[in-house]
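Enquirer: Numbering of the first sequence is given in this note's numbering, commencing with residue 4 and proceeding in unit increments.
Glycine included, every Cβ here is placed at the ideal spot set by N, Cα and C.
Computed from a predicted structure; not experimentally measured.
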Amino acid sequence: MQKKLIPKKSKPEELDEEDAKKPAKGTPELLRGFRDILPEEQGRWNLIRDTVRALAEAYSFDRIDLPVLERSDLFQRTIGKSTDIVEKEMYVFTDPSNRSVALRPEATASAARAYIEHGMLERPQPVKFWYEGPMFRHDRPQAGRYRQFYQAGLEVFGAEEPIIDAQLILIGKKFFEAIGLPVKVQINSIGTPECRSAYLTELVSYFRPFRSKLPEDDKRRLQKNPLRLLDSKEEYTMGLLGDAPQILDWLDEKSKEHFMRVIEFLDEVEIPYELNAHLVRGLDYYTHTVFEFMPEGEEGEKAQSALGGGGRYDGLVGLLGGRPTPGCGFAIGMDRIARALADKGINPPQCPPAQVFFAQLGDAARRVGLRLYEQFRAAGIPVAEAAGKNALKAQLEVANKLGVGLTLILGQKEVLDGTIIIRDMESGAQETIDASKVVSVVERKLQKESGVTPAIHSPVSDV
RNA sequence: GCGGCCAUGGUGUAAUGGUCAACACAAGAGAUUGUGGCUCUCUUGAUCCGGGUUCGAUUCCCGGUGGUCGCCCCA
Numbered sequence: 004m005q006k007k008l009i010p011k012k013s014k015p016e017e018l019d020e021e022d023a024k025k026p027a028k029g030t031p032e033l034l035r036g037f038r039d040i041l042p043e044e045q046g047r048w049n050l051i052r053d054t055v056r057a058l059a060e061a062y063s064f065d066r067i068d069l070p071v072l073e074r075s076d077l078f079q080r081t082i083g084k085s086t087d088i089v090e091k092e093m094y095v096f097t098d099p100s101n102r103s104v105a106l107r108p109e110a111t112a113s114a115a116r117a118y119i120e121h122g123m124l125e126r127p128q129p130v131k132f133w134y135e136g137p138m139f140r141h142d143r144p145q146a147g148r149y150r151q152f153y154q155a156g157l158e159v160f161g162a163e164e165p166i167i168d169a170q171l172i173l174i175g176k177k178f179f180e181a182i183g184l185p186v187k188v189q190i191n192s193i194g195t196p197e198c199r200s201a202y203l204t205e206l207v208s209y210f211r212p213f214r215s216k217l218p219e220d221d222k223r224r225l226q227k228n229p230l231r232l233l234d235s236k237e238e239y240t241m242g243l244l245g246d247a248p249q250i251l252d253w254l255d256e257k258s259k260e261h262f263m264r265v266i267e268f269l270d271e272v273e274i275p276y277e278l279n280a281h282l283v284r285g286l287d288y289y290t291h292t293v294f295e296f297m298p299e300g301e302e303g304e305k306a307q308s309a310l311g312g313g314g315r316y317d318g319l320v321g322l323l324g325g326r327p328t329p330g331c332g333f334a335i336g337m338d339r340i341a342r343a344l345a346d347k348g349i350n351p352p353q354c355p356p357a358q359v360f361f362a363q364l365g366d367a368a369r370r371v372g373l374r375l376y377e378q379f380r381a382a383g384i385p386v387a388e389a390a391g392k393n394a395l396k397a398q399l400e401v402a403n404k405l406g407v408g409l410t411l412i413l414g415q416k417e418v419l420d421g422t423i424i425i426r427d428m429e430s431g432a433q434e435t436i437d438a439s440k441v442v443s444v445v446e447r448k449l450q451k452e453s454g455v456t457p458a459i460h461s462p463v464s465d466v
């Protein structure tokens, strides 16, 4: 697929043909697998972003922003040529300078690239990054899977100590705790490339006698990606797995030691985990520790349920031609987390709802209103309005729907008098006050209210 | 990449091989001058796209597009 894409010069006539197929009256539609994250969902997204950021900063990770577009070989070299991600899911195309570029399917490779490119091994090690942003994979969309999806991730370069692995797992676990989604940590070690390949040889020869009886998918796996046999869902294969060689038995001493230490550290901080000998990760660059965050309960049984995952990638920087540098990191799937939050009915307001509404009558009032707005903004009080409407009635209707406590009414008469009306929306009581004092009066009224009702956090219901 | 199901106003639904595609909510305007919540009136607005069958398709068929769910894979 990608081969087809790279050399293909876009032929204008083809484009025309495609355009011609579109009906002239047709309105633009989303591309399959892409979506708009609407205002109603932003409360959850803010929660996710804020939580990641607060946690990353608390553990002194530095923010890094990485480009969405990279040379396509960056991913081919790191993720692995024969992985599905690279083989059939990458958005690869030729840019106007005739370079093969790809929309990033993940960010770790870019982080490693940035580490090398900016000579970060000259900085005090380890170098700790965090990032968030969209990733792209041309996969078939389904529950919890989009072609543009968002990940936040933390990466640590330049430290091979097991404590790093453990701390990353801890941070991930804390993240899910903070956000209100309990998760189980699953962990495994896939050792070094050397012991892994020895293990693979063993695994393949274990399965070979049964080859003809394996289901089609697993035959393919046996040939292409034998590690994947370990999490086959086929009954026949699962039956064979009981006696299959275990990767942990094939780890060299150093790998074993590393894994043991990671686990000890986790015990130390009382992070529960599940050893999952079948946990393998889909990217070639992983070494040693691999882990995933699975939602607790029956959610964990569903497809696409992993909310995050990561592992150690000691070979990655070397693979890209940098001085061999160990690394470890993980990413969380923000879309899946947002979905899990929605399933639990969690939807915080996207921004503090306005408590004050400004209703205006006539141009003079509008003009004064502009200034008034600035005063309220300076005072940190959000004010709502419906400047597009003229009738006071219509404006009050909006104020009512917004559920504000106070409405300021400013008409011709008030502008001339230098006054303004404050209407209490609850009682309907109104008072006319000196316009110059409006901010302080409103402040006082709002304080009185919030003094009685402590922090209203009424979750906005979903649409 | 493979398979199942699905596609009607902004949202949720209804209906039909043949008058004007119905209802609710939302939205907009209004019920005499500058006052919201209830009520009433009116208005805007839809059969995803293309082809076929047919006198006639929104309805049946095919293809595309999109959604959804599962497999593969993955976050």
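Would you give the residue range spanned by the beta strand (DSSP E) that Phe96 belongs to?
Expert: Note, Phe96: beta strand (DSSP E), 94 to 97.
Enquirer: Secondary structure at Glu103, three-state DSSP: helix, strand or coil?
Expert: Checking the sequence shown, residue 103 turns out to be Ser, not Glu. If DSSP states are grouped into helix, strand and coil, Ser103 belongs with the strands.
Enquirer: Kindly indicate the opening and closing residues of the beta strand (DSSP E) around Cys331.
Expert: From DSSP, the beta strand (DSSP E) with Cys331 extends over 330 to 336.
Enquirer: Mind checking which residues open and close the beta strand (DSSP E) that includes Arg199?
Expert: Counting along the chain, Arg199 falls outside any beta strand (DSSP E), though it belongs to the alpha helix (DSSP H) covering 196 to 210.
Enquirer: Tell me whether Lys84 sits in a helix, a strand or coil according to DSSP, three-state version.
Expert: The answer is coil: DSSP assigns Lys84 none of H, G, I, E or B.
Enquirer: For a test of the three-state rule: what should DSSP assign to Asn49, helix, strand or coil?
Expert: Residue state, collapsed to three classes: helix.
Enquirer: Leaving out five residues on either side along the sequence, give the residues of the same chain with a beta carbon under 8 Å from the beta carbon of Val207.
Expert: Hits under 8 Å: Leu225, Pro229.
Enquirer: Going by DSSP, name the residue or residues bridged to Pro218.
Expert: In the DSSP output, where bridge partners are listed per residue, Pro218 has none listed.
Enquirer: State the CB to CB distance for the pair Phe132 and Glu164, rounded to an integer number of angstroms; the pair is presumed to be in contact (CB under 8 Å).
Expert: Contact flag wrong, Cβ pair sits at about 18 Å.
Enquirer: Should Leu232 go down as buried or exposed, given a rule of 16 or more other Cβ atoms within 10 Å for buried?
Expert: Counting Cβ neighbours within 10 Å, Leu232 comes out buried, since at least 16 surround it.
Enquirer: Output needed for Glu260: all residues of its chain with C-beta closer than 6 Å, excluding positions within five of it in sequence on either side, in chain order.
Expert: Once the five neighbours on either side are set aside, Glu260 has no close Cβ partner at all.
Enquirer: Check the DSSP bridge columns for Phe132 and list the partner residues they point to.
Expert: Answer by DSSP bridge pairing, in chain order: Asp65, Glu158.
Enquirer: Looking only at its own chain, which residues have a Cβ that is under 7 Å from the Cβ of Ala367, when we skip the five neighbours before and after it?
Expert: So the list reads Gln415, Val418, once near-sequence residues are dropped.
Enquirer: To the nearest whole angstrom, what separates the beta carbons of Leu409 and Val359, a pair I think is in contact under 8 Å?
Expert: Going by Cβ atoms, the distance from Leu409 to Val359 rounds to 5 Å, so yes, they are a contact pair.
Enquirer: List the DSSP bridge partners of Tyr153.
Expert: DSSP output for Tyr153 lists Pro137 as bridge partner(s).
Enquirer: Among all the DSSP beta bridges, which residues are the ones paired with Gly383?
Expert: DSSP, once it has assigned bridges, lists no residue as partnering Gly383.
Enquirer: What did DSSP end up calling Lys236 once you bin it into helix, strand or coil?
Expert: Residue state, collapsed to three classes: coil.
Enquirer: So, for Lys28: in the same chain, excluding its five sequence neighbours on each side, which residues have a beta-carbon less than 7 Å away from its beta-carbon?
Expert: Only weak support is given to the placement of Lys28: the predicted model assigns it a pLDDT of 49, under 50, and the question is left unresolved by the model.
Enquirer: With H, G and I counted as helix, E and B as strand and the rest as coil, what does DSSP make of Ile340?
Expert: The answer is helix: DSSP assigns Ile340 an H, G or I state.
Enquirer: Determine the DSSP secondary structure at Asp246, reduced to helix, strand or coil.
Expert: DSSP places Asp246 in coil when its eight states are reduced to three.
Enquirer: DSSP on Ala390, reduced to helix/strand/coil?
Expert: It is coil, neither helix nor strand.
Enquirer: What does the Cβ neighbour count give for Ile51, buried or exposed, with the cut at 16 atoms within 10 Å?
Expert: The residue is buried, with at least 16 neighbouring Cβ atoms inside 10 Å.
Enquirer: Only counting the same chain, and skipping five residues up and downstream in sequence, which positions put a Cβ closer than 7 Å to that of Ile349?
Expert: Cβ within range, chain order: Arg47, Gly183.
Enquirer: Under a three-way DSSP split, which group does His291 fall into?
Expert: Strand, per DSSP.
Enquirer: Measuring only the C-alpha atoms, how far is Lys84 from Glu90?
Expert: Looking at the two C-alpha atoms, the distance is approximately 6 Å.
Enquirer: Put Pro298 into one of helix, strand or coil per three-state DSSP.
Expert: In the structure shown, Pro298 sits in a strand (DSSP, three-state: E or B).
Enquirer: Does the Cβ-Cβ distance between Gln363 and Leu413 come in under 8 Å?
Expert: It is a contact, given that the beta carbons lie within the stated cut-off.
Enquirer: Please check the pair Gln189 and Glu299, which I expect to be a contact at CB under 8 Å, by giving their CB distance rounded to whole angstroms.
Expert: About 12 Å separates the two Cβ atoms, so there is no contact after all.
Enquirer: Roughly how many whole angstroms lie between the Cα atoms of Arg380 and Val444?
Expert: Their backbone Cα atoms lie some 15 Å apart in a straight line.
Enquirer: Three Cβ pairs or more, each shorter than 8 Å: is that satisfied between the stretch 215 to 225 and the stretch 257 to 274?
Expert: The stretch 215 to 225 is not in contact with the stretch 257 to 274.
Enquirer: Where do the N-terminal and C-terminal ends of the alpha helix (DSSP H) with Gly175 fall, by residue?
Expert: Unbroken alpha helix (DSSP H) run through Gly175: 165 to 182.
Enquirer: Name the two residues that bound the continuous alpha helix (DSSP H) containing Arg264.
Expert: First-last of the alpha helix (DSSP H) with Arg264: 256 to 271.
Enquirer: Select from Ile335, Lys177, Leu344, Tyr376 the residue whose C-alpha is nearest the C-alpha of Val442.
Expert: Checked all of Ile335, Lys177, Leu344, Tyr376; the closest Cα to Val442 is Tyr376.
Enquirer: Going by DSSP in three states, Gln433 sits in which element: helix, strand or coil?
Expert: DSSP places Gln433 in strand when its eight states are reduced to three.
Enquirer: When you compare each of Leu33, Gly136, Arg102, Ala59 to Asp338 by their alpha carbons, which one comes out closest?
Expert: The option with the nearest alpha carbon to Asp338 is Gly136.
Enquirer: What are the boundary residues of the beta strand (DSSP E) that Ser113 is part of?
Expert: No beta strand (DSSP E) contains Ser113, which is instead part of the alpha helix (DSSP H) from 111 to 120.
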